[in-house]
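Going by the numbering used here, the sequence shown opens with residue 68, and the numbers climb by one from there.
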Amino acid sequence: MLHFICTTCGAQYAQSDEPPRQCLICEEERQYVPPRGQTWTTFAALRNSHTNTFRQYDDGIIGIGSTPAFGIGQRALFLRTAGGNILWDCIATLDAATVTLIEGLGGIDAIAISHPHFYTAMVEWAHAFDARVYLHAADRQWIMRNDPAIALWDGETKPLWDGVTLIRCGGHFAGGTVLHWAGGAGGRGVVCSGDILTVATDRKWLTFMRSYPNFIPLSARTVERIGLALKPFAFATIYGHYFDRVIAGDAKAVLEKSVARYVAAVEGTRGYE
Ligand SMILES: [Zn+2]
Ligand SMILES: [Zn+2]
């Protein structure tokens with residue numbers, strides 16, 4: 068019996084003798100199955116074929132990505148906050164060096180994930196570091212490998228501890244979550260957004276989509292709600308889901324103007340007629 072991993076989205080499945088016939092996440096309209104068809108691997112095989120790469124951003128924030136790229140290609144973030152260490156979002160690869168390095172930095176106290184496309188091997192990470200995984204209950208149907216380490220939360224916000232808050236924005240997924248760290252960016256505040264708020268390729272704007280690979284937009288009302296969910300929070304930097312997707316300095320103003328541009332574009336007003 069093995070826990071198979073989808074090679075397209077990186078989701079690890081409950082134990083089975085044979086690989087699942089389909090990946091439910093990739094068959095759904097927000098993802099895709101590549102032309103070669105569905106293929107599977109395992110966590111153990113990935114340990115031999117992949118290593119992880121690290122990138123230190125500001126003090127206390129380190130990106131962790133798979134090398135070579137795997138699945139959707141996102142990098143996770145390791146946050147060293149005053150109240151504890153957090154793994155934000157997740158990847159399917161966890162090599163021995165990564166375990167040694169993170170243990171040397173005090174381990175992981177909590178794992179939180181923006182949405183199901185990044186659930187990947189969350190249970191393996193949770194077991195390796197004896198950590199809980201905080202997921203929004205609205206996306207529970209997309210948990211492909213359940214485990215007692217998973218803690219579902221409900222409602223609009225969930226404080227992990229002082230100064231660290233999970234915020235439900237919705238949009239891309241009903242439970243789409245971002246993390247706010249008040250002490251990040253030298254006390255000016257950080258938002259880790261996954262692709263619930265996507266840092267655009269120019270790193271000057273954010274965008275919001277139901278499906279990125281299949282180009283399905285969100286409604287004006289939904290995007291306005293995302294802006295409102297973040298209104299009470301102060302932040303200077305937004306970390307998106309790829310290594311190079313960071314908006315630093317005036318990220319809150321960028322969010323506000325990006326919501327306004329998106330709404331104008333989908334409603335056909337203010338130059339987008
Ligand atoms: Zn998949
Ligand atoms: Zn996604």
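Glycine is no exception: its CB is placed at the ideal position from the N, C-alpha and C atoms.
- Remark: C-beta atoms of D214 and F185 do not approach each other more closely than 7 Å.
- Here the alpha carbons of Q105 and Q89 stand approximately 7 Å from one another.
- Close to ligand 1, as judged by a C-beta nearer than 6 Å to any of its heavy atoms, are the residues C73, T75, C76, A78, C90, I92, C93, in chain order.
- Secondary structure at A205: helix, using DSSP grouped into helix, strand and coil.
- With contacts defined by Cβ atoms closer than 7 Å, A303 and G256 form a contacting pair.
- V100 carries a coil assignment under DSSP once its states are collapsed to helix, strand and coil.
- With 16 or more other CB atoms across the displayed protein chains lying within 10 angstroms of its CB, D262 is buried.
- L161 is not a Cβ neighbour of I175, given a cutoff of 7 Å.
- Under DSSP, S83 shares a beta bridge with L69.
- Rounded to the nearest angstrom, the gap between the Cα atoms of M68 and R212 is 14 Å.
- The beta carbon of F71 lies closer than 8 Å to those of Q79, Y80, S83, P86, P87, W107, T108, T109 in the same chain, with the five residues before and after it left out.
- Relative to ligand 2, D262 has its C-beta within less than 6 Å of a heavy atom.
- Residue state for S278 is assigned as strand, using DSSP reduced to three classes.
- In the same chain as A318, and ignoring 5 residues on each side of it, the C-beta atoms closer than 8 Å to its own belong to V258, F302, A303, T304, I305, in chain order.
- Taken through DSSP and simplified to helix, strand or coil, K225 comes out as strand.
- Between C93 and I139, the C-beta spacing is not below 7 Å.
- With contacts defined by Cβ atoms closer than 7 Å, A159 and F137 form a contacting pair.
- Under DSSP, S133 takes part in a beta bridge, and its partners are N119.
- Taken through DSSP and simplified to helix, strand or coil, T108 comes out as strand.
- Separation of F121 and I129 (C-alpha to C-alpha, rounded to the nearest whole angstrom) is 7 Å.
- Shortest Cα-Cα distance from A241 to any of T265, P183, W192 involves P183.
- Beta-bridge analysis with DSSP links L273 to V266.
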